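This report refers to the structure that appears directly beneath it.
Residue numbers (our numbering): 360 to 495.
Printed below as a string of structure tokens:
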């Protein structure tokens with residue numbers, strides 16, 4: 360039985376479709392992603408805002424994650440936080456962020472993965488009902 364090296368496995372993972380990516384990216388199609396997103400979820404915390412949770416299967420030259428929320432007023436995205444990545448990891452890593460200033464009504468969130476070279480990769484967006492009335 361032939362052994363597969365760690366580097367060969369990383370290359371294979373890069374070539375496979377990555378869950379959580381595919382909506383849009385600023386990078387070219389042949390650019391390697393800095394992480395494989397396992398999950399990205401948002402939960403309303405009554406009276407406390409919104410909890411965002413996500414995980415990666417592996418990370419390679421990952422600088423971190425910008426957390427963005429979309430404004431209900433004008434539809435623009437605003438960065439509300441940043442979580443540093445592990446840089447390099449061959450194991451699953453899990454992250455969490457609490458938006459204690461979540462807008463009333465429905466809030467939309469996305470992550471932007473940034474690699475060490477400054478390239479940015481956008482995840483899909485999530486909507487979560489935060490409760491209360493949305494501002495008019």
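The beta-carbon is built from N, C-alpha and C at its ideal position, and this holds for glycine as well. This structure is a prediction, so every number in the text was calculated from the model and none was measured.
A distance below 9 angstroms separates the beta carbons of residue 439 and residue 460.
Comparing C-alpha distances from residue 436 to each of 409, 428, 391 shows the shortest one belongs to 428. One Cα belongs to residue 417, the other to residue 403, and the distance between them is close to 27 angstroms. The criterion of a C-beta distance shorter than 9 angstroms is not satisfied by residue 482 and residue 421.
In the structure shown, residue 425 adopts extended strand secondary structure according to DSSP, grouped into three states. Boundaries of the beta strand (DSSP E) harbouring residue 447: 436-448, taken from the DSSP string. Of the residues 469, 480, 476, the one whose Cα lies closest to the Cα of residue 409 is 469.
Judged by beta-carbon spacing, residue 465 lies beyond the 9 angstroms limit of residue 434, meaning their Cβ atoms are not closer than that value. If you look at residue 457, you'll find it in the beta strand (DSSP E) that goes 452-458. Cβ-Cβ distances below 6 angstroms link residue 475 to 420, 422 in the same chain, with the five nearest sequence neighbours on each side left out; the list follows chain order. Contact check for residue 452 and residue 477: beta-carbon distance about 21 angstroms, past the 8 angstroms limit, so the pair fails to qualify.
DSSP places residue 401 inside the beta strand (DSSP E), whose first and last residues are 394-404.
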